[in-house]
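J.: Before we start, here is the structure in question, set down as structure tokens.
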Amino acid sequence: MIRTLVKRLPRLAAGACAAALLAGAAAAAEPENDYPTEARADYIFGCMAANGQSRESLSRCSCSLDALAALLPYDKYVQASTVLSIRQGIGQRTAQFKTTKVFDDQVAELRRAQAEAEIRCYRGGT
């Protein structure tokens, strides 16, 4: 029995390697972003409210979200959006969100991604 296992070991190892490669390829085939549908709809509705309720606006807002999602993972988008929302408040509890570098960096990363998305979708055409 041990001899049989020893003989099969190279094939088992090869099979395990092939499975790992296939799993890696499947993971690479997944979309670059992980924005849930509800977050996508919320973004597009807000964008269209700010830019007009037209077919062109829908197209550009969708493009903008796709570009943003390709540049910024969803968890970072949520973090920066939360900081921006809290910064709109008043009082001592919001002060740390207005004066802490890590929060400034999160917001700056979101702003850069938004600017890139705007260039791609509004200035460069769709």
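Counting with the working numbering, you get residues 276 to 401 for the letters of the sequence shown.
Heads up, the beta-carbon is just placed ideally off N, CA and C, and yes, glycines get one too.
Using beta-carbon positions only, say whether C396 and A345 come within less than 8 Å of one another.
T.: Going by C-beta atoms, C396 is not nearer than 8 Å to A345.
J.: Contact check, I319 vs C336 under 8 Å by CB: the rounded distance?
T.: 5 Å
J.: Span of the alpha helix (DSSP H) holding Y318?
T.: 312-326
J.: Tell me which same chain residues have a C-beta within less than 7 Å of the C-beta of V382, skipping the five on either side of it?
T.: A355, V358, L359
J.: How many Å lie between G327 and T312 at the Cα?
T.: Spanning the two alpha carbons is a distance of roughly 21 Å.
J.: One question on the structure: do R273 and L333 come within less than 8 Å of each other, judged by their Cβ atoms?
T.: Residue 273 cannot be examined here, being either before or after the span of the chain that is shown, 276 to 401.
J.: State the DSSP-derived secondary structure class of D380, mapped to helix, strand or coil.
T.: Residue state, collapsed to three classes: helix.
J.: Which residue wins for smallest C-alpha separation from D350, given the options E331, Y310, C338?
T.: Y310
J.: Quick check: what's the CA-CA separation for E393 versus C322?
T.: 11 Å
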